[in-house]
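Residues 1025 to 1413 (my numbering) are what the sequence shown spells out, left to right.
In this text, a Cβ means the ideal position worked out from N, Cα and C, and glycines have one as well.
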Amino acid sequence: MSQLFIDIGSTYFKVAHKGKIDQYFRDFNKNILDDLNGKCAEIIAQYLPRDIHICSSANGGLSTLIIGLTNSFSLKYAINIAFNSGINIIDTVLYPKIESESVPSELIDVVIVVGGIDSVAHVFDEKLSVYLEKVRYENIVYVGSRKSVPSQIDDLVVLENIIDDKLMIREEALKTYLTDLYQADIVGKEDIKQLYAITANQIFSTPYIVNRALPSINERLDVADPFIVVDIGGATTDIHYSRDLVTDNIVSQSGYDRLVFKKLGVYKSRESLVHTARNNEFVFELLEHLNVTENILEEQSEKATRTLMQLAIFLVLYKVSRHHAQYVELKLEILNSIVLTGGISKVLSPEEVDDIVLFFYKKILQFHSAPNTLLDSNYEIWTYGIEKE
């Protein structure tokens, strides 16, 4: 291998060179560049900046609030595009009910406003401005009717309407904007910007890189279509999936999309993962199946980490199943393969993964068999995508 690939995760560095991948636990008392040089200086010194390629998932993704005119088109389309751009949806607001809707307490990275086709006017009125005055946000983008662009919102970015006159989705402009925003957030982090001292190439987000690997993944791994890749890390859990698994009627140009669950990480978002688990009606039965008690959720041990990773697998499948799908429902009943990657690949055994997946399929879907599972034990899928850059 004549190139050096580096993935900056929320918990680990992954370094791929000369046909092998090494993993290093991050020292959070140091900035990323100093920590990386301290652990890998001899490796980095072997490569020119033009031959060093870096991706990162250390920022955990962006948060968004979506305000839409209807559930069936405006919100549905914007949610789909946001998720597939690596954005975490904090809340959605149905505009006709905006006066009674609650306001998010946290700072929102980007607000998306959408509604109506271009021939429709007077979609939004002063209620929008009144609501937005209560929201703390960094960016706001409008992708609704051209005849209804809100005129009194500062720093409003106006893009092409995501709904055409035939009620079909137009995703490219918004998806590019959100992807660029996500990318800017990554490279805008001071620690990440310092990495340009060792590379002459653009630094990409890891979810973007993994998604690039999917069209040709079966050339490297024994997977059968349709499949999903579940990436369970320290800060987030991502699902990369084929559009063949989507049950909605959205027509997309992309063959593969991704969902980001910001609150299902095992380290940085451990507390929210535990909270989600406690509020799931099936988790206590799952814990019993694993021969552990609820107390395991409060422990700080290797066994507790393994249990949390198993819970993350169950919960993320649950969140996209027909029994719970909040934003995107996947046809898990026709799934042939599940590939698991990320930090989980260094912790769980194939048997532990199979056990959880089979439990989910039997308990939730009432199936007596489950898709084939494959553990990316060398954590190399991201290297397939970064090679294409």
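Ignore the nearest five residues each way along the sequence and tell me which others in residue i's own chain have a CB closer than 8 Å to its CB.
i     : result
D1189 : I1141, D1142, S1143
S1169 : G1139, G1140, I1141, D1142, S1143, V1144, A1145, V1147, N1185
I1103 : I1090, I1113, T1116, Y1351, V1352
F1308 : E1318
H1348 : Y1342
K1158 : V1127
For a test of the three-state rule: what should DSSP assign to residue i, helix, strand or coil?
i     : result
V1275 : Summary for V1275: the model assigns pLDDT 49, below 50, so the residue's position carries little reliability; its value from the coordinates is reported in the next sentence. Of the three classes helix, strand and coil, the one that applies to V1275 here is coil, per DSSP.
A1145 : coil
K1042 : coil
R1294 : helix
R1160 : coil
I1368 : helix
I1256 : strand
V1270 : strand
Q1047 : strand
T1088 : strand
V1247 : coil
F1391 : coil
T1397 : strand
L1060 : helix
F1285 : strand
V1154 : helix
L1072 : coil
Y1265 : strand
Y1166 : strand
L1382 : helix
Y1403 : coil
V1363 : strand
Would you tell me roughly how many angstroms separate the C-alpha atoms of residue i and residue j, rounded to the nearest one?
i     : j     : result
S1240 : D1051 : 35 Å
V1275 : T1200 : Reliability of the predicted coordinates at V1275 is poor, the pLDDT of 49 falling under 50, and the value obtained from them is presented with this limitation in mind. The straight-line gap from Cα to Cα measures roughly 17 Å.
T1300 : L1310 : 14 Å
V1135 : P1120 : 17 Å
T1397 : T1116 : 34 Å
L1245 : L1156 : 47 Å
A1237 : S1124 : 44 Å
D1378 : S1369 : 13 Å
S1296 : D1133 : 20 Å
L1198 : I1067 : 39 Å
N1061 : T1230 : 20 Å
S1172 : L1183 : 12 Å
V1254 : L1364 : 5 Å
V1340 : D1262 : 9 Å
D1249 : Y1280 : 12 Å
A1208 : V1181 : 16 Å
I1252 : G1366 : 14 Å
L1372 : N1242 : 23 Å
I1056 : D1031 : 11 Å
E1150 : C1064 : 56 Å
Y1101 : A1069 : 47 Å
For residue i, which residues from the same chain have a beta carbon less than 6 Å from its beta carbon, with the 5 sequence-adjacent residues on both sides left out?
i     : result
I1233 : C1079, W1406, G1409, I1410
I1337 : I1380
F1391 : Y1385
F1029 : A1040, H1077, T1407, I1410
E1162 : D1133
Q1047 : Y1036, K1038
T1203 : S1109
S1401 : S1369
Taking the alpha carbon of residue i as the reference point, which residue from the options has its own alpha carbon closest?
i     : options                    : result
R1294 : G1257, N1315, A1237        : G1257
Q1176 : S1153, K1158, I1216        : S1153
D1268 : L1219, L1356, L1183, G1367 : L1356
I1193 : Q1027, V1344, S1098        : S1098
P1374 : I1222, G1366, L1399, L1131 : L1399
F1285 : S1081, K1063, N1053, A1208 : S1081
Y1071 : L1321, E1195, A1221        : A1221
L1205 : I1320, L1086, F1251, K1327 : L1086
T1094 : V1137, S1266, V1247, I1388 : V1137
I'd like the list of long-range same chain contacts for residue i, defined as Cβ closer than 7 Å, with 5 residues on each side in sequence excluded.
i     : result
L1382 : A1394
D1179 : I1164
A1328 : I1320
Can you find a C-beta in chain B that's less than 8 Å from the C-beta of residue i?
i     : result
I1111 : Included in the structure is just one protein chain, with no chain B present.
Fully enclosed by the stretch 1298 to 1350, which beta strand (DSSP E) runs are 3 residues long or longer?
none
Any chance you could list the beta strand (DSSP E) runs of at least 3 consecutive residues sitting entirely within the stretch 1090 to 1138, in chain order?
1111 to 1118, 1132 to 1138
Identify every run of the beta strand (DSSP E) within the stretch 1173 to 1244, keeping only runs that are complete inside it and at least 3 residues long; order them along the chain.
1180 to 1182
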